[in-house]
Amino acid sequence: MLIDPVCGKRIKRQRAHIAIDFEGTTYFLCCPRCQADFEREPKKFARPEIGEKTNAVHGRHSKSRLRDARGFPHVVRGPVT
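Numbering of the sequence shown is given in numbering that gives the first Met the number 0, commencing with residue 0 and proceeding in unit increments.
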């Protein structure tokens with residue numbers, strides 16, 4: 000189980016709304032509201048101990064709920080604005 004860094008909710012990887020890469024760590028978020036909060040203030044919510052190292056997740060550049068062949072959410076890479 001993963002933890003949404005914004006609301007603290009425990010979520011399964013395949014149920015994550017989106018995965019966002021920030022400063023070398025991938026964070027899994029449960030819903031659009033948590034995504035918006037994280038994107039607005041990523042440094043407030045980013046805690047490497049609850050994310051995964053970026054190279055542990057293989058995704059594509061997308062904000063959709065599409066999944067790759069293994070069921071992982073696609074990952075948004077790069078700075079969050």
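Just so you know, even glycine gets a beta-carbon here, dropped at the ideal spot from N, CA and C.
Check residue 3 in the structure and name its three-state DSSP category.
It is coil, neither helix nor strand.
Would you mind reading off the limits of the alpha helix (DSSP H) that contains residue 35?
Its alpha helix (DSSP H) spans residues 31-39.
Quick one: residues in its chain with C-beta nearer than 7 Å to the C-beta of residue 46, no 5 flanking neighbours on either side, listed in chain order?
These residues qualify, in order along the chain: 4.
In terms of alpha-carbon separation, which member of 40, 0, 51 lies closest to residue 14?
Per the Cα distances, 0.
Is residue 18 buried or exposed, if buried means 16 or more other CB atoms sit within 10 Å of its CB?
By the neighbour-count rule (16 or more Cβ atoms within 10 Å), residue 18 is buried.
Around the Cβ of residue 7, are there at least 16 other Cβ atoms within 10 angstroms (buried) or fewer (exposed)?
Classification for residue 7: exposed.
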